[in-house]
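Numbering (the working numbering), first residue to last: 131 to 445. All C-beta atoms, glycine included, are put in the ideal place defined by N, C-alpha and C. Fair warning: this is a prediction, and the values are worked out from it, not measured in the lab.
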């Protein structure tokens with residue numbers, strides 16, 4: 131039966147942390163610095179890996195894709211979060227909310243598969259070093275990267291559609307920083323069970339499949355590393371993979387808790403905290419994790435600076 135006094139409205143209100151007015155200015159500064167750090171760090175990795183020929187390898191090709199993605203991923207949510215912290219107007223239109231959710235899912239889904247592909251690349255490099263250049267050729271790398279992006283595009287369209295087919299009535303307040311699936315679906319009118327099942331199944335595929343691929347890849351990598359006779363070789367192999375494992379743990383850990391738990395376990399406050407990890411913390415840490423103690427990145431930076439200095443002195 132149709133609900134009485136049902137109202138359909140063209141916009142939502144993003145509550146965020148409006149219940150803590152004394153922290154708004156501090157949170158604005160923290161989020162702003164995080165956003166700037168994420169943009170600058172990912173742009174640095176993207177630009178450097180393009181500029182230096184020594185980094186034109188499969189590993190840095192996928193890292194370049196990841197950095198490019200993270201620039202836009204943070205820009206989907208953080209500018210609106212920043213604006214809401216310093217403005218009394220915390221509204222977002224229905225179309226704006228759907229658009230934000232679409233790009234959030236598109237880029238998040240793409241990142242899931244990119245991280246899986248990067249694990250496969252590391253597995254090939256360590257477990258099959260002699261065949262590495264043959265297996266990870268330019269064509270195969272391009273196809274895997276393109277497949278990751280396309281999978282994210284189609285998945286996000288389907289996921290967003292099953293959420294916004296419903297009318298929204300009653301409260302129009304989203305108890306979150308942005309338009310994520312769980313808080314928006316709670317405002318939908320009608321029986322949302324089928325949509326919840328679709329969301330769960332798609333999340334299971336997009337999160338579990340790459341995650342299992344990563345786990346299998348690293349089990350094989352660790353087995354191969356332990357068989358290496360040289361302690362220096364083992365150390366180098368572990369250091370190469372450790373950065374990727376840190377990113378995977380942060381990204382998939384929060385994603386699994388967010389989208390693969392029962393609805394009875396839904397908690398707005400926990401959701402807000404977890405969402406900050408995969409929308410703010412991970413994009414900000416990615417460039418730091420991948421470039422910290424990375425001799426290839428440091429060497430590439432020195433070569434690019436030396437080349438620019440040489441060109442300037444020549445003029």
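C-alpha distance - residue i paired with residue j, whole-angstrom precision
i: residue 211; j: residue 146; result: 8 Å
i: residue 140; j: residue 246; result: 39 Å
i: residue 256; j: residue 248; result: 12 Å
i: residue 148; j: residue 380; result: 26 Å
i: residue 338; j: residue 411; result: 21 Å
i: residue 355; j: residue 178; result: 29 Å
i: residue 235; j: residue 271; result: 23 Å
i: residue 220; j: residue 186; result: 44 Å
i: residue 225; j: residue 309; result: 11 Å
i: residue 266; j: residue 191; result: 11 Å
i: residue 286; j: residue 166; result: 26 Å
i: residue 328; j: residue 369; result: 39 Å
i: residue 275; j: residue 268; result: 11 Å
i: residue 161; j: residue 239; result: 23 Å
i: residue 429; j: residue 416; result: 19 Å
i: residue 151; j: residue 357; result: 57 Å
i: residue 437; j: residue 405; result: 41 Å
i: residue 432; j: residue 173; result: 17 Å
i: residue 159; j: residue 304; result: 23 Å
i: residue 341; j: residue 223; result: 34 Å
i: residue 384; j: residue 346; result: 20 Å
i: residue 184; j: residue 426; result: 8 Å
i: residue 297; j: residue 321; result: 11 Å
i: residue 137; j: residue 229; result: Any reading at residue 137 must be qualified, since the residue scores a pLDDT of 46, below 50, and its modelled position is unreliable; the value itself is stated next. Approximately 22 Å between the Cα atoms of the pair.
i: residue 233; j: residue 361; result: 45 Å
i: residue 196; j: residue 153; result: 32 Å
i: residue 387; j: residue 397; result: 11 Å
Contact check, residue i vs residue j, beta carbons under 8 Å
i: residue 175; j: residue 420; result: yes
i: residue 376; j: residue 344; result: no
i: residue 293; j: residue 231; result: yes
i: residue 169; j: residue 216; result: no
i: residue 389; j: residue 371; result: no
i: residue 353; j: residue 207; result: no
i: residue 350; j: residue 253; result: yes
i: residue 218; j: residue 306; result: no
i: residue 414; j: residue 205; result: no
i: residue 203; j: residue 237; result: yes
i: residue 143; j: residue 227; result: no
i: residue 289; j: residue 331; result: no
i: residue 291; j: residue 317; result: no
i: residue 199; j: residue 241; result: yes
i: residue 188; j: residue 251; result: yes
i: residue 418; j: residue 171; result: yes
Residue i in three-state terms, based on DSSP
i: residue 409; result: helix
i: residue 397; result: coil
i: residue 223; result: strand
i: residue 307; result: coil
i: residue 388; result: helix
Limits of the alpha helix (DSSP H) - the one that residue i falls within
i: residue 148; result: Element bounds for residue 148: n/a, residue is neither H nor E.
i: residue 278; result: 268-294
i: residue 173; result: 154-181
i: residue 188; result: 188-216
i: residue 351; result: 339-356
i: residue 323; result: 323-333
i: residue 263; result: 262-265
Any C-beta of chain B under 8 Å from that of residue i
i: residue 417; result: The structure shown has no chain B; it contains just one protein chain.
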